[in-house]
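Residue numbers (my numbering), protein chains in the order written: chain A, 401 to 603; chain B, 401 to 603; chain C, 401 to 603; chain D, 401 to 603. Reading through the structure tokens given below for one structure.
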DNA sequence: AATGAATGAGAATTCATTCAT
DNA sequence: TATGAATGAATTCTCATTCAT
């Protein structure tokens, strides 16, 4: 496969970012496979072929979108995890951080949700799997610590709880619209309230 | 020519169902767009063209998969809604019913989650939108009734709560594997426990 | 960013016209259905898929071929009909104009003859039916006027006469080859002589 | 090419004829290429595959339709040509015979008109070319004889006249509907009147 | 005689990608 | 940087035909 990497370094990284933001939006809206390069080019006011001056391939566009997002996500997560908080506070901080990421990278998050599973099959995207494992370790570990510390309920299956919390947070990307009535922090607060204390009235 | 037809007269609708189950599995695993007709045919041990003896098009396959699922779902939901239960009991029954549907139609549910948004754009799939609206009315209405009855917390945004509960339940289809260690009823019980009472230990 | 189209290094409409002329020739020779897109592409020295850079579909090729032809035809016909000639002179002018059109658009005329009936079934080609009705009105009207003016025989069924004259002229497209020994005007003259005065020697 | 001719002799030649009549009708209406075997079978109330009990192939259906028609046509033509009539009477008899054939074999005639050109390319259909040459010899010869006898005008190009008369008669198949208001003989009479004496009033 | 199910050879069309300008 | 034109591989779908029953 003759794959000449033409331009890893491009004169205008700004244009690049613009185009990537655009592409992310379209990928998120229509799905990666269903999105044609032509569609992205249309949106950018250029012809399909012209995109190849900026990017090697459609694949490298998602790649850059996703890895940029994950880099930022892990910067946030890592600093939370390094802060030495208790399990409950850690969960709270992670959830809040997650909603902030959704706010800033909505499209990327949506793409991640929809496409990561089948993209991860390709070697190029193995970092998705790595990230997911790291992710699971962080959350599941925190939950287990919380159970041990009697902060979280012991009568629940921890794995189930993990999935519950994880999904609960990230699916939000599918309906979240930045600039809506709730700030990410407000949404985080309400989500945490539901997840931690439930929606039922306590008697 | 290795063409082993089993003994019987091969009743047509059975073969159809077999093929649809197969197709659903592949659609769920790879996504509708990314799934080629050829792939489904391979899986069925026939040539791509042969599928067209049974179905009009790839589209009509998803159509049948989704509408069959929704028909069954609404049968279940409707009888729950008609039972005249209180809000909390209604939510419990709906969640349980949902997990039962996930158990029986895992692939269809996964397809519904991933593809309904963009399929719904086509007139043929307008019933997806209809179903979704009916769905929202049922859940949101029950939650509101519950808030009015002081069964559910009044300090939460109901719409947010609705999305929380809804997503929480249905994303499960993305990781649920029938025949696993937990029965759908057991999963429902734990989910309900989390959703209603939260994961935090009460002091 | 203003999007200026470059100079006219490769005037697109010319290539389009070339390709359409080619396609028309093949459609006329083999019939629309029997003509594969690949065949047209072969003739143009390109791959089948490449045609889709220029045209939406095979259908839109015939569409453009036929509508271009009909536009020109009606330009000619309309100016004849607007000239206020007597019935006989009108028929003469229409026949002459028709043979000129056959000369300039032989392929399109042949396609029109063979395919218009079944193409007209599709909404996209309703203009074929419209054109045909306008056509009938023009010819039949002129013949009726001629009968009233005692220029044409009154003992013949006018509808039959209409079909006779119409077919007589247009089938010529099936054997006419431009650049042959007879100019369109010469053919028109002879056809008119036969149609108006018959082939029998008068006694 | 393993082409087993299964049933040149079939139990029920009547069913065969029925099916052929049906097929002819559909071929005439939609064109040979555009007609699917399935469509014919539908019309006959059977499944596509079942037709192959009666016929070797779709091709052999048109073949039988066309050759049956031509056989009958030539029976009629031959007896006219053998009658030793004068040129004008011969033309009259041929035209009348032609309209009778159109009346009896409308579908076959329409198929012949539309499809013979491209079918004739295949060896199997060479008889179409043969027939056409014989046809041309008969008509052109008669016209030439008429010109020599001063029965037909000498100032016209004979080939052009031949095409004129030929087309004039046979295109009628495209609009003729058996059982209409005019009998074939009446149509023949009027056509002959136009062809021989013209449509203009004589002064 | 006819059915049901399939085959296999194309058909039109789509689309990521290339490349000379 | 971007365009215009093309490539080529893949994709959905069609259809004549086969064949066991």
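Using N, Cα and C, we set each Cβ at its ideal position, and we do this for glycine too.
{"Asked": "Identify, in the order they occur along the chain, each residue of the same chain with its Cβ nearer than 6 Å to the Cβ of residue 541 of chain B, setting aside the five sequence neighbours on each side.", "Found": "none"}
{"Asked": "List, in order along the chain, the chain B residues whose C-beta lies closer than 9 Å to that of residue 598 of chain A?", "Found": "553, 593, 594, 595, 596, 597, 598, 599, 600"}
{"Asked": "Whose CA, out of B:437, B:510, B:589, lies closest to the CA of residue 461 of chain B?", "Found": "B:437"}
{"Asked": "Report the neighbours of residue 463 of chain C on chain D: residues whose CB is nearer than 8 Å to its CB, in chain order.", "Found": "Going along chain D, no residue has its Cβ under 8 Å from residue 463 of chain C, so there is no contact; the nearest lies around 17 Å."}
{"Asked": "Give the straight-line distance between the Cα atoms of residue 598 of chain B and residue 480 of chain A, rounded to the nearest whole angstrom.", "Found": "23 Å"}
{"Asked": "Would you call the CB atoms of residue 562 of chain B and residue 543 of chain B closer than 8 Å?", "Found": "yes"}
{"Asked": "Check the DSSP bridge columns for residue 552 of chain B and list the partner residues they point to.", "Found": "A:600"}
{"Asked": "I'd like the list of long-range same chain contacts for residue 495 of chain C, defined as Cβ closer than 7 Å, with 5 residues on each side in sequence excluded.", "Found": "569, 588, 591, 592"}
{"Asked": "Can you give me the Cβ contacts of residue 493 of chain A inside the same chain, cut-off strictly under 8 Å, excluding the 5 residues immediately before and after it?", "Found": "480, 483, 485"}
{"Asked": "With a CB to CB cut of under 6 Å and the five nearest residues on each side skipped, what residues in its chain are close to residue 448 of chain D?", "Found": "437, 438, 441"}
{"Asked": "Going along the chain, which unbroken runs of the alpha helix (DSSP H) with 4 or more residues stay wholly within the region 419-489 of chain B?", "Found": "437-444, 451-454, 458-481"}
{"Asked": "What residue range is occupied by the uninterrupted alpha helix (DSSP H) comprising residue 605 of chain A?", "Found": "Outside the shown range of chain A, which is 401 to 603, sits residue 605 of chain A, and nothing can be said about it."}
{"Asked": "I'd like to know if the region 522-532 of chain A and the region 418-433 of chain B are in contact, where contact means that at least 3 CB-CB pairs between them fall below 8 Å.", "Found": "no"}
{"Asked": "Near residue 417 of chain C, what residues of its chain come up, given a Cβ to Cβ distance below 6 Å and the 5 sequence neighbours on each side ignored?", "Found": "none"}
{"Asked": "Got a sec: which bits of the region 537-562 of chain A sit with their beta carbon under 7 Å from any beta carbon on chain B, in order along the chain?", "Found": "550, 551, 552, 553, 556, 557, 560, 561"}
{"Asked": "Pull out every residue of the region 497-520 of chain D whose Cβ sits closer than 7 Å to any Cβ of chain C, in chain order.", "Found": "514, 518"}
{"Asked": "Using only CA atoms, which one of C:491, C:601, C:435, C:472 lies nearest to residue 506 of chain C?", "Found": "C:472"}
{"Asked": "Under 8 Å between C-beta atoms, does residue 575 of chain C make it to chain D?", "Found": "yes"}
{"Asked": "Note down, in chain order, every chain D residue with its Cβ under 7 Å from the Cβ of residue 568 of chain C.", "Found": "564, 567, 568"}
{"Asked": "Going by DSSP, what residue range makes up the alpha helix (DSSP H) through residue 573 of chain C?", "Found": "No alpha helix (DSSP H) contains residue 573 of chain C, which DSSP labels as neither H nor E."}
{"Asked": "Relative to the C-alpha of residue 427 of chain C, which residue among C:478, C:455, C:466 is closest?", "Found": "C:466"}
{"Asked": "If you draw a straight line from the alpha carbon of residue 559 of chain D to that of residue 582 of chain C, how long is it in whole angstroms?", "Found": "12 Å"}
{"Asked": "Is residue 596 of chain D buried or exposed, if buried means 16 or more other CB atoms sit within 10 Å of its CB?", "Found": "buried"}
{"Asked": "Please tell me whether residue 488 of chain D and residue 551 of chain D are closer than 8 Å, where the distance is taken between their beta carbons.", "Found": "yes"}
{"Asked": "Can you find a CB in chain C that lies within less than 8 Å of the CB of residue 475 of chain D?", "Found": "no"}
{"Asked": "With 16 other CB atoms within 10 Å as the buried threshold, where does residue 453 of chain D fall?", "Found": "exposed"}
{"Asked": "What separation, rounded to the nearest whole angstrom, lies between the Cα atoms of residue 574 of chain A and residue 451 of chain B?", "Found": "34 Å"}
{"Asked": "Kindly indicate if chain D contains any beta-carbon less than 8 Å away from that of residue 430 of chain C.", "Found": "yes"}
{"Asked": "With residue 521 of chain A as the anchor, note down where its alpha helix (DSSP H) starts and where it stops.", "Found": "No alpha helix (DSSP H) holds residue 521 of chain A; DSSP gives it neither H nor E."}
{"Asked": "Does any residue of chain A have a CB that is nearer than 8 Å to the CB of residue 426 of chain B?", "Found": "no"}
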